[in-house]
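Numbering (UniProt numbering), first residue to last: 1 to 132.
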Amino acid sequence: MTQIEEPPKRSIAEWVTFSIASFILAIIVSLVGYTWLNEKNQPPILSVTKKETIREIDGQFYVPFEVVNSGGDTAESVQIMAELMIDGKVTETGEQQIDFLSSGESEEGAFIFTKNPRQGQLNLRVGSYKLP
């Protein structure tokens with residue numbers, strides 16, 4: 001006759017540990033599912049605005065700006081361009097590059113001009129970006 005061995009019964013500690021591990025796993029799975037369902041499937045939406053007032057230091061004019069990504073995806077190599085027009089002619093240009101701008105993130109910087117931007121029209125714009 002062969003005897004069939006019964007598996008050992010689980011202790012209270014094993015059941016508590018199993019329950020806690022299952023609960024943590026359920027939370028992680030539900031958070032991943034929630035993030036996946038609510039993810040914005042939009043391309044980056046980039047906007048740039050002038051900040052504060054223009055500062056003059058040692059004959060140079062500092063124009064602070066802020067760029068914001070209000071879209072869903074991350075943008076890399078965001079190119080910000082500035083054009084200073086005085087009397088209908090472009091007198092100075094500037095260019096900045098922001099390496100990385102994720103959804104909802106903003107970055108600040110400044111353009112530096114030798115001519116006073118208050119004497120003309122200053123145009124700031126996003127020139128380009130690439131997707132990661």
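All C-beta atoms in this analysis are idealised placements derived from N, C-alpha and C, irrespective of residue type, glycine included.
- In this structure residue 117 does not touch residue 75 by the C-beta definition: roughly 26 Å separates them, more than the 8 Å allowed.
- Scanning its chain for C-beta atoms nearer than 7 Å, with the 5 sequence neighbours on each side dropped, one finds around residue 83 the residues 90, 93 and 123, in chain order.
- Considering only 71, 108, 50 and 120, the residue with the shortest C-alpha distance to residue 88 is 120.
- Under the three-state reduction of DSSP, residue 93 is assigned to strand.
- One alpha carbon belongs to residue 69, the other to residue 49, and they sit about 12 Å apart.
- Annotation: the stretch 3-64 contains the following complete segments of the beta strand (DSSP E) (minimum length 3 residues), in chain order: 46-50 and 55-57.
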